[in-house]
Amino acid sequence: MTSDFILNEYKARQMWERREYSSAMAAAKTAAESAALRNDDAGWWRMMFLYGECQLELGFMDGCAETARLLADHPVAQNAPEVAGKAKALMSLGLQGMGLLPEALVVARSAALDSPEAGMGGRGRIEAQQALVAVLSESGHLEDAWHEAQTLAQMVGDEAVLEKAGKAYWSIGNVAFLAGMEREGTYYHGLAASSLSPSNDVNLWALFNKASAFMRLTANLVEPETLQCIERAEMALSITGGTRQDELDIEVIRAYWSYLTGDIAAARRQMSAVLDESAALSPLSHGDARLLFARIIADDGDLHASVDHATTSAEIFGKAGAVAREELAREFGRQVRARAEQRAGRAASSLGHGVTGQEIDH
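For the sequence shown, my numbering gives the first residue as 1, with consecutive numbering after it.
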């Protein structure tokens, strides 16, 4: 029995290192079952945590959240606060991926509190703090997020593992960009880029560059560094074979680049194709995509359709608990609706009879 457990744990970790997440998940599950049969609670917990991490990587967010919930409630976690914090941090990421931001925030705060202050630079403490920073920023609590991000920056010492430091700086940079602090965002994403390496984890390198490109575009940073991020992400994902969500995210970013560089026709065509597969997008990615499409088609003259897409975007964000982004989408919809009404009024005045905005829209 012991040899079965050791063999499957070894296989699971080897598959994880090779980013063969489906195989790693199966081996971790088998190892956990072997551990349970011999009452090895620590071994079971270790393998089920890896199982949950694989679920997260594969996009099985609801499964990941449920696995993490089991881990947080297990006696192993109940007797070790930092272990409980790791499980809750994973649960928060799963809930965030499901678009359940209020629930994710509650769990992330609990994870940060569970991680002992004495281990400020410990992996579990940093992971818990990252989860809190991420969900605060996604929820629109940017002042709180920036405060917690500064705490996270203090946790990353010179002795920190580069990958751990890179993920932390990545999170901090995201908050800065969302808060409109482009200089700080560029600075921290620069630190992340220098800490992460495609030779160590090409998939992580792809995801970072994808995220950094999107953040830079939201800040209207149409510059060579932004295009470099896009191209790095595309190249890395072509090597690793990312999920369909990853591929669609890249297509959204390419459309965003086309839009900001003035190629409205290409941007519209690219986003139309993305929205045809909206079921493959996470709730927050779907909301972002709808709002971007609303901006593109508004500039292309389709004002009423733009309002519809902005409204859909706001509804998606609202359901996810992303209050700030919901209001952003609603405000954009209000502005476009006002433009449509003004255009209808001008048309009616010039023609000398009543013509609705719907009739003159195209």
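All residues carry an ideal CB built from backbone N, CA and C; glycine is no exception.
Three-state secondary structure assigned by DSSP to residue i
i, result
"HIS286", "helix"
"SER349", "helix"
"PRO198", "coil"
"PHE317", "helix"
"ARG330", "helix"
"MET61", "helix"
"ALA149", "helix"
"GLU20", "coil"
"LEU142", "helix"
"THR261", "coil"
"GLY157", "coil"
"ASP308", "helix"
"ARG38", "coil"
"MET47", "helix"
"MET15", "helix"
"MET181", "coil"
"GLY301", "coil"
Beta-carbon gap between residue i and residue j smaller than 7 Å
i, j, result
"CYS64", "GLN78", "no"
"ALA219", "GLU182", "yes"
"GLY173", "HIS147", "no"
"ALA89", "ALA72", "no"
"PRO81", "ASP114", "yes"
"ALA289", "VAL307", "no"
"TYR51", "ALA87", "no"
"ALA12", "ALA24", "yes"
"ALA370", "LEU248", "Outside the shown range of the chain, which is 1 to 362, sits residue 370, and nothing can be said about it."
"ASP62", "MET98", "yes"
"ALA68", "GLY94", "yes"
"MET47", "ALA31", "yes"
"ARG295", "GLN270", "no"
Closest residue to residue i among the options (Cα-Cα distance)
i, options, result
"GLU33", "ILE6, VAL135, ARG339, GLU17", "ILE6"
"SER285", "TYR259, PHE177, ARG244, MET91", "ARG244"
"THR240", "ALA348, LEU204, LEU93, ASP263", "LEU204"
"PHE293", "ALA266, LYS319, ALA280", "ALA266"
Endpoints, alpha helix (DSSP H) assigned at residue i
i, result
"PRO280", "For clarity, residue 280 is Ala in the given sequence; the question names Pro instead. Segment: none, ALA280 is in no alpha helix (DSSP H) and carries neither H nor E."
"LEU93", "81–97"
"ALA267", "264–275"
"ASN174", "162–178"
"ALA104", "101–114"
"ALA322", "Here ALA322 belongs to no alpha helix (DSSP H), and DSSP marks it neither H nor E."
"VAL76", "75–78"
**OP:** Jot down the residue ranges of each uninterrupted alpha helix (DSSP H) in the stretch 201–250, minimum 4 residues, whole runs only, in chain order.
**Re:** 202–218, 224–240
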